[in-house]
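S.K.: Take 1 as the starting number for the sequence shown in UniProt numbering and just add one per residue.
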Amino acid sequence: MSSSDLPPYILQELPDITESINYPIKDVQRIKYTCFDVSKTLIAFGATSGGIYVFNRTPCEFVQLIPNKDGAITRLAISTNEKHIAYANGRGIVTVTECEQALSGGHSSVASKEHQGNEVTSIVWSGNNVFSGDDVGRISVLQVQSFIAKTMFQTSTQTIMNLDSRICQLDVKDCMLLVSTLTRCYICDTAQEQYRQIGQKLRDGEFGACFVNQEKNLESGATVTVKDFTEAKTYNIVHDEEKFAIGKGLENILIYCARPSSRLWEATIDGTVRRTHQFKQVLSKKPMKVITVESYNNESFNSENLTSDNEGQSVNFPKIYSINGAIYSFKKDGLYFLDIHDETNSMWFDTYADILDSKLYLDNLYLWLSSGSLVSLKFMKIDKFLVKCYIDEKYTLCAELCLLFCNYLLQNNLPSKLHILVGLREKINSELLKKIENVLHKFEDLKSIESKSGIYVLDNTFKAQSSLDEADENVKQSEDKVFSTIPPEALQTLKDLSVSVTCKFTSSKKMLKEKWEDFEGKMKHLNIEKQPVQPVQEILLPKRISHNESPEDRVTIEFDNTDIIYKESSQKAVEVDNNSIEEDKVCKSLYQ
1 MSSSDLPPYI LQELPDITES INYPIKDVQR IKYTCFDVSK TLIAFGATSG
51 GIYVFNRTPC EFVQLIPNKD GAITRLAIST NEKHIAYANG RGIVTVTECE
101 QALSGGHSSV ASKEHQGNEV TSIVWSGNNV FSGDDVGRIS VLQVQSFIAK
151 TMFQTSTQTI MNLDSRICQL DVKDCMLLVS TLTRCYICDT AQEQYRQIGQ
201 KLRDGEFGAC FVNQEKNLES GATVTVKDFT EAKTYNIVHD EEKFAIGKGL
251 ENILIYCARP SSRLWEATID GTVRRTHQFK QVLSKKPMKV ITVESYNNES
301 FNSENLTSDN EGQSVNFPKI YSINGAIYSF KKDGLYFLDI HDETNSMWFD
351 TYADILDSKL YLDNLYLWLS SGSLVSLKFM KIDKFLVKCY IDEKYTLCAE
401 LCLLFCNYLL QNNLPSKLHI LVGLREKINS ELLKKIENVL HKFEDLKSIE
451 SKSGIYVLDN TFKAQSSLDE ADENVKQSED KVFSTIPPEA LQTLKDLSVS
501 VTCKFTSSKK MLKEKWEDFE GKMKHLNIEK QPVQPVQEIL LPKRISHNES
551 PEDRVTIEFD NTDIIYKESS QKAVEVDNNS IEEDKVCKSL YQ
């Protein structure tokens with residue numbers, strides 16, 4: 001495989017979080033993790049003790065332990081709004097509990113026994129609905145409407161389908177439920193309570209299925225419309241000769257079903273198969289290299305052994321997911337990224353062995369290994385990664401990747417944000433610079449974006465970082481919106497301005513520090529008395545009488561009941577006038 005054949009994607013390893021994940025159980029040998037799930041801000045692990053260990057995702061920190069006495073947890077899923085966690089135990093009981101537990105230790109939960117006695121193989125959330133599948137082909141829905149008391153849910157649970165074999169994978173998109181068994185795939189309309197089989201040819205084995213939005217890929221866990229709380233019923237099958245109802249706004253959704261020998265079926269939302277994608281030959285390429293934390297810090301990328309091919313791989317994809325316009329799958333010793341738009345851009349990795357499970361959120365991947373390690377990765381296009389390298393000041397790595405992917409960069413339309421890479425001319429040695437001069441020349445030709453008002457939008461490296469952060473939260477947006485541009489003269493002006501501002505800020509900071517130290521020295525020689533706070537409305541306070549004054553000099557002052565009486569504490573005994581009890585009560589109430 002020559003450099004011109006390299007897929008324009010990068011898989012980057014992020015800093016290790018294994019120590020943080022294993023911290024809560026490091027001193028307890030009998031407790032082991034059994035399963036996990038990730039969401040927008042959380043990572044949750046089920047354990048053999050029955051407890052659920054919840055962590056913040058970024059930064060990875062232990063948050064809480066949700067206790068459970070029903071035995072080891074085998075599956076779990078975090079709800080879309082991250083308020084609840086659904087989990088199954090070894091007896092097939094599915095339970096929904098709150099993520100945020102009370103300080104007293106009490107928590108609200110509800111259980112479903114639709115799968116009791118069987119193994120729950122898949123759990124997925126859709127709004128307030130929890131869909132579960134088991135090893136005998138039974139699918140149930142548990143509807144969680146709301147809390148009507150601190151210890152009780154308003155819920156409904158019902159078996160909606162009894163299929164022919166083990167459930168391999170469930171996926172949801174709005175009101176549509178996608179089911180993959182050992183032999184078939186089914187598409188279900190939960191609003192119409194009907195389903196139909198996808199395609200006619202059967203299969204035998206673990207194969208996954210997922211939804212893909214062909215216009216824009218929404219983030220996993222995106223907000224969905226929650227239907228009113230209604231009683232679930234058993235769904236009816238729709239045969240091929242009958243018309244299958246399609247939910248509104250779902251015309252751009254495609255279905256991908258894994259098939260034997262490295263193939264994928266592509267089907268419309270109504271279950272009609274359109275074409276078959278074959279990946280056996282493209283997977284004959286040598287495995288790509290992961291950019292590890294060490295190689296990124298050292299600005300090195302090993303591109304050796306990427307130019308030869310192996311024999312084609314015949315892979316059965318047990319689970320598949322949509323990520324960054326590609327289909328992601330994994331097995332025990334391999335990661336696969338299948339480009340459904342151009343099969344030649346597909347790639348695979350063999351960096352990690354003994355993979356037990358994998359989860360993803362947006363373009364972030366998590367691999368759970370048999371060693372107990374949790375590996376976090378990021379999958380992105382090469383143009384986005386080049387900008388990231390430049391912003392992180394990894395100039396040598398950025399230039400080497402420009403050279404490695406030069407054919408792709410020269411032959412394809414590029415996002416205008418790459419214009420900032422022109423600054424590499426000032427950052428790298430002349431020998432490497434000569435090799436990528438034609439690429440840098442193309443970066444120079446990227447023009448500013450002209451808005452409808454006729455204003456040209458300029459950008460700089462500082463804005464580039466914020467653009468990358470926004471892309472992480474909405475990685476599925478179009479690249480034209482994620483990236484913008486800057487002319488070289490404007491970039492240089494901004495650089496000069498930033499240097500000037502930085503120098504002035506440093507100088508001003510030094511002057512302020514000197515003036516403050518001088519001010520503190522002068523203040524030490526001053527006796528400052530606190531001034532009483534003036535009330536909003538002026539009040540004529542009575543003259544305070546000294547204890548040394550004679551009774552003749554004392555003046556009797558009349559107070560209204562609404563006046564505030566100020567008293568000063570004294571070490572001497574004070575004679576109490578019984579007639580002033582009412583006034584004292586008023587004063588006491590005012591100070592309480």
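Cβ atoms here follow ideal geometry from the backbone N, Cα and C, with glycine treated the same way.
Pull up the DSSP beta-bridge partners for Ala326, would you.
M.R.: In DSSP, Ala326 forms a bridge with Ile323, Asp339.
S.K.: Does the beta-carbon distance from Asp354 to Gly334 come in below 7 Å?
M.R.: Taking 7 Å as the Cβ cut-off, Asp354 and Gly334 do not qualify as a contacting pair.
S.K.: Cutting at 6 Å between CB atoms, please list the residues of its own chain near Val136, excluding the five before and the five after it.
M.R.: Excluding sequence neighbours, Val136 sits near Asn118.
S.K.: To the nearest whole angstrom, what separates the beta carbons of Arg263 and Ile237, a pair I think is in contact under 8 Å?
M.R.: About 25 Å; that fails the 8 Å criterion.
S.K.: To the nearest angstrom, report how far apart Pro260 and Cys406 are at their CA atoms.
M.R.: Between Pro260 and Cys406, the C-alpha separation is close to 35 Å.
S.K.: In this structure, how does DSSP classify His115 when only helix, strand and coil are distinguished?
M.R.: Three-state result, His115: coil.
S.K.: Just checking, does the region 26-44 make contact with the region 4-12 on the three C-beta pairs under 8 Å criterion?
M.R.: Flag = no, the region 26-44 and the region 4-12 do not touch.
S.K.: When the Cα of Thr97 is compared with those of Ser122, Asn128, Gly90, which residue comes out closest?
M.R.: Cα-wise, what sits closest to Thr97 is Asn128.
S.K.: Is it buried or exposed for Trp516, if we count other Cβ within 10 angstroms and need 16 for buried?
M.R.: The residue in question, Trp516, is exposed, as its Cβ has fewer than 16 Cβ neighbours within 10 Å.
S.K.: Could you pull out every residue in the same chain whose Cβ sits closer than 6 Å to the Cβ of Lys434, ignoring the five residues on either side in sequence?
M.R.: Excluding sequence neighbours, Lys434 sits near nothing in its chain.
S.K.: Which residue spans inside the region 354-416 form an unbroken alpha helix (DSSP H) run of at least 4?
M.R.: DSSP runs (the alpha helix (DSSP H)) wholly in the region 354-416: 382-391, 395-404, 406-411.
S.K.: Going by C-alpha to C-alpha distance, which of Leu403, Ala47, Ile436, Lys442 sits closest to Ser416?
M.R.: The shortest C-alpha separation from Ser416 is found at Lys442.
S.K.: According to DSSP, Gly46 sits in a beta bridge with which residue or residues?
M.R.: In the DSSP output, where bridge partners are listed per residue, Gly46 has Cys35, Ile52.
S.K.: According to the neighbour-count rule (16 or more other Cβ atoms, all chains shown, within 10 Å of its Cβ), is Phe519 buried or exposed?
M.R.: Per the 10 Å Cβ criterion, exposed.
S.K.: Should Lys381 be labelled buried (16 or more other beta-carbon atoms within 10 Å of its own) or exposed?
M.R.: Lys381 comes out buried.
S.K.: Rounded to whole angstroms, what's the CA-CA distance from Thr181 to Asn213? Just pull it up for me.
M.R.: For Thr181 and Asn213, the distance between alpha carbons rounds to 22 Å.
S.K.: Would you check if the region 327-343 and the region 273-283 touch, i.e. whether three or more CB-CB distances between them fall below 8 Å?
M.R.: With the cut-off at 8 Å, the region 273-283 and the region 327-343 touch.
S.K.: Going by beta-carbon coordinates alone, are Leu163 and Asp171 separated by less than 7 Å?
M.R.: No.
S.K.: Would you mind reading off the limits of the alpha helix (DSSP H) that contains Asp134?
M.R.: Where Asp134 is concerned, there is no enclosing alpha helix (DSSP H), although the beta strand (DSSP E) it sits in stretches over 129-134.
S.K.: Between the Cα of Ile323 and the Cα atoms of His115, Leu360, Ile436, which residue gives the shortest distance?
M.R.: Per the Cα distances, Leu360.
S.K.: Please state if the CB of Phe55 and the CB of Ile43 are separated by a distance shorter than 7 Å.
M.R.: Their beta carbons are under 7 Å apart, which means Ile43 touches Phe55 by this criterion.
S.K.: Considering only the alpha carbon of each residue, which of Leu421, Leu403, Phe385, Lys513 lies closest to Leu11?
M.R.: Closest option to Leu11, Cα to Cα, is Phe385.
S.K.: Mind reading off the beta-carbon distance from Asp70 to Gly50? Whole number of angstroms is fine, and I expect it under 8 Å.
M.R.: Sure, about 6 Å apart at Cβ, within 8 Å.
S.K.: In chain order, what residues of the same chain lie with their CB nearer than 7 Å to the CB of Leu446, ignoring the 5 residues before and after it?
M.R.: Only Leu414, Ser416, Leu418, His419, Thr485 meet the Cβ criterion.
S.K.: Might you give, ordered along the chain, the residues of its own chain that have their beta carbon closer than 6 Å to the beta carbon of Lys427, omitting 5 neighbours on each side?
M.R.: Contacts found: Tyr395.
S.K.: Return the Cβ separation of Leu369 and Tyr352 in integer angstroms, given the expectation that the two are a contact with Cβ distance under 8 Å.
M.R.: Leu369 to Tyr352, Cβ: 6 Å. Contact.
S.K.: Between the Cα of Glu431 and the Cα atoms of Gln116, Gln411, Glu400, which residue gives the shortest distance?
M.R.: The option with the nearest alpha carbon to Glu431 is Glu400.
S.K.: Check whether the Cβ atoms of Thr159 and Arg184 lie closer than 7 Å to each other.
M.R.: No.
S.K.: With a 10 Å radius around its C-beta and 16 neighbouring C-beta atoms as the bar for buried, classify Ser165 as buried or exposed.
M.R.: That one is exposed.
S.K.: Thinking C-beta only, is Ala72 closer than 7 Å to Thr34?
M.R.: Yes. Within cutoff.
S.K.: Looking at C-alpha atoms only, which residue of Thr121, Val141, Ser346 is the closest neighbour of Glu114?
M.R.: Measuring from the Cα of Glu114, the nearest candidate turns out to be Val141.
S.K.: Would a C-beta distance cut-off of 7 Å place residue 679 and Gly249 closer than the cut-off?
M.R.: Given a span of 1 to 592 for the chain in the structure shown, any question on residue 679 remains unanswerable.
S.K.: Where do the ends of the alpha helix (DSSP H) carrying Asp445 lie?
M.R.: Asp445 -> alpha helix (DSSP H) spans 437-445.
S.K.: Val124 and Phe131 look like a contact to me (Cβ under 8 Å); what is the Cβ gap, rounded to whole Å?
M.R.: Val124 to Phe131, Cβ: 5 Å. Contact.
S.K.: Whole angstroms are fine: how far does the CA of Gln116 sit from the CA of Cys389?
M.R.: One C-alpha to the other measures close to 51 Å.
S.K.: Under the three-state reduction of DSSP, which class applies to Ser20: helix, strand or coil?
M.R.: Of the three classes helix, strand and coil, the one that applies to Ser20 here is helix, per DSSP.
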